[in-house]
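The structure appears below as structure tokens.
Residue numbers (UniProt numbering): 1 to 167.
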């Protein structure tokens with residue numbers, strides 16, 4: 001039997017945090033000097049949205065839901081908006097990777113800087129009530145996931161840049 005858990009029924013910190021993160025992140029991305037084509041910029045932004053959506057739905061669904069997002073274990077509109085929070089983060093990840101001219105051999109150092117930063121952002125989101133962990137899930141698991149995801153992002157960076165150069 002599926003059990004619905006409700007954490008909150010008010011418009012409060014978690015919703016405001018999501019809206020603020022989406023707005024501020026989008027403003028930062030908008031005002032950054034252009035480094036990529038529109039197509040590549042969109043892909044880099046959507047990497048965050050897609051990976052966020054993918055991992056949230058792998059880790060937060062039945063049979064074992066390791067965490068809930070926002071006010072309840074049911075999908076709500078604010079949950080959709082929370083996936084947009086990941087877009088600016090991934091875009092800035094790619095932007096800085098390119099801007100700093102990180103060589104492939106130094107990618108692990110870049111990732112080892114970003115994974116704790118991403119974990120800290122998740123910790124703030126948890127404190128705001130965006131995430132509710134269960135079944136032994138902890139932020140340490142998220143750290144490992146960030147290491148994997150950001151490693152894939154670096155690989156995608158080279159793959160997409162090469163594909164764009166060949167068109």
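Using N, Cα and C, we set each Cβ at its ideal position, and we do this for glycine too. Treat the numbers as computed from the prediction; the structure is a model and nothing was measured.
C-alpha distance - residue i paired with residue j, whole-angstrom precision
i	j	result
residue 1	residue 32	Confidence in residue 1 is poor, its pLDDT being 47 and thus under 50, which makes the residue's placement too unreliable to answer from.
residue 107	residue 10	43 Å
residue 14	residue 132	11 Å
residue 28	residue 21	10 Å
residue 89	residue 25	7 Å
residue 97	residue 134	34 Å
residue 43	residue 104	20 Å
residue 143	residue 47	18 Å
residue 154	residue 30	22 Å
residue 8	residue 127	14 Å
residue 16	residue 76	15 Å
residue 74	residue 113	34 Å
residue 12	residue 80	17 Å
residue 167	residue 158	15 Å
According to DSSP, residues forming a beta bridge with residue i
i	result
residue 68	132
Short Cβ contact (8 Å threshold) for residue i with residue j
i	j	result
residue 51	residue 59	no
residue 121	residue 18	no
residue 151	residue 111	yes
residue 5	residue 56	no
residue 45	residue 83	no
residue 41	residue 164	no
residue 64	residue 70	no
Whole-number beta carbon distance between residue j and residue i, since they are thought to touch under 8 Å
i	j	result
residue 146	residue 115	4 Å
residue 123	residue 109	With 8 Å as the limit, residue 123 and residue 109 do not qualify as a contact, their Cβ atoms being about 22 Å apart.
residue 99	residue 35	7 Å
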